[in-house]
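Going by the working numbering, the first residue of the sequence shown is number 557, and it counts up by one from there.
Where a beta carbon is used, it is the ideal one built from N, C-alpha and C, also for glycine.
Just so it is clear, the structure is predicted and the values come from calculations on it, not from any experiment.
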Amino acid sequence: MEFSSKLLEKAVNEMAQLPGIGKRTALRLVLHLLKQPAEQTHFLSQSLISMRDEIKFCKNCHNICDLEICEICNNHLRNHKIICIVEDVRDVMAIENTNQFKGIYHVLGGKISPIDGVGPSQLNIITLVEKIKSGHVEEIIFALSSTMEGDTTNFYIYKQLKDFNIKTSTIARGIAVGDELEYADEVTLGRSIIQRVPFENSMKNN
Numbered sequence: 557m558e559f560s561s562k563l564l565e566k567a568v569n570e571m572a573q574l575p576g577i578g579k580r581t582a583l584r585l586v587l588h589l590l591k592q593p594a595e596q597t598h599f600l601s602q603s604l605i606s607m608r609d610e611i612k613f614c615k616n617c618h619n620i621c622d623l624e625i626c627e628i629c630n631n632h633l634r635n636h637k638i639i640c641i642v643e644d645v646r647d648v649m650a651i652e653n654t655n656q657f658k659g660i661y662h663v664l665g666g667k668i669s670p671i672d673g674v675g676p677s678q679l680n681i682i683t684l685v686e687k688i689k690s691g692h693v694e695e696i697i698f699a700l701s702s703t704m705e706g707d708t709t710n711f712y713i714y715k716q717l718k719d720f721n722i723k724t725s726t727i728a729r730g731i732a733v734g735d736e737l738e739y740a741d742e743v744t745l746g747r748s749i750i751q752r753v754p755f756e757n758s759m760k761n762n
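Structure (structure tokens):
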């Protein structure tokens with residue numbers, strides 16, 4: 557792809573590094589920005605810089621937030637005795653959109669995947685175990701995607717918690733095997749949370 561401007565080429569190359577965006581799409585987006593008023597591009601740039609420099613991760617659940625503790629963990633109307641374990645912030649958003657879950661979350665930051673070089677020590681598992689040790693948690697809900705990596709992560713965490721007197725459950729298999737939570741429709745996802753089953757039962761079915 558030939559460019560008449562080095563500035564344009566640099567902008568396109570940077571835009572093309574985003575997931576799912578090739579060079580042609582990047583060029584179209586950059587040219588679109590050039591047609592807009594200058595302040596609109598400045599607002600976009602500033603919002604991205606502010607997000608990158610100022611965004612925080614909740615000290616309690618590792619969700620993305622603006623303050624030290626996220627709004628969900630800070631909400632005294634939520635049931636802090638029930639923790640839903642998810643892979644990342646997109647899953648929190650997906651479950652929150654169902655309006656069916658009133659507990660709190662714990663964001664792992666990924667799944668155990670030896671092929672990708674991701675082990676238990678690289679996930680937020682230690683902080684989860686510390687929460688359980690506090691004795692205030694009554695139930696853990698496993699809400700990772702039903703993939704091999706998700707099931708492996710669920711089982712690893714289950715083994716870490718087996719000595720604690722705590723209920724462990726998993727979302728019902730209304731979510732098809734291999735599906736990611738963020739792509740599930742709200743009704744199906746909401747029902748899968750309400751109709752969750754004991755984690756031991758899910759292992760028998762595998």
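{"Query": "The region 630-644 contacting the region 688-704, beta-carbon criterion three pairs below 8 Å", "Result": "yes"}
{"Query": "Counterpart residues of Lys566 in DSSP-defined beta bridges", "Result": "None; Lys566 has no bridge partner."}
{"Query": "Simplified DSSP assignment, three categories, for Asn630", "Result": "helix"}
{"Query": "Backbone CA spacing between Ser606 and Glu643 [nearest angstrom]", "Result": "25 Å"}
{"Query": "Top-ranked residue by Cα proximity to His662, from Ile625, Asp672, Val674 and Ser669", "Result": "Ile625"}
{"Query": "Exposure label - His618; buried when at least 16 CB within 10 Å", "Result": "buried"}
{"Query": "Secondary structure of Pro593, DSSP reduced to three states", "Result": "coil"}
{"Query": "Spatial neighbours of Asn680 in its chain, beta-carbon cut-off 6 Å, leaving aside the 5 residues before and after", "Result": "His618, Leu664 and Gly665"}
{"Query": "First and last residue of the uninterrupted beta strand (DSSP E) at Ile641", "Result": "Asn635 to Val642"}
{"Query": "As assigned by DSSP and simplified to three states, the class of Leu574", "Result": "coil"}
{"Query": "Check whether Leu590 and Met571 have beta carbons under 8 Å apart", "Result": "no"}
{"Query": "Asn630 beta carbon less than 8 Å from that of Gly659", "Result": "no"}
{"Query": "Separation of Thr683 from Gln596, as counted between CA atoms", "Result": "41 Å"}
{"Query": "Length-filtered (3 minimum) beta strand (DSSP E) runs lying within the region 655-743", "Result": "659-663, 695-698 and 723-726"}
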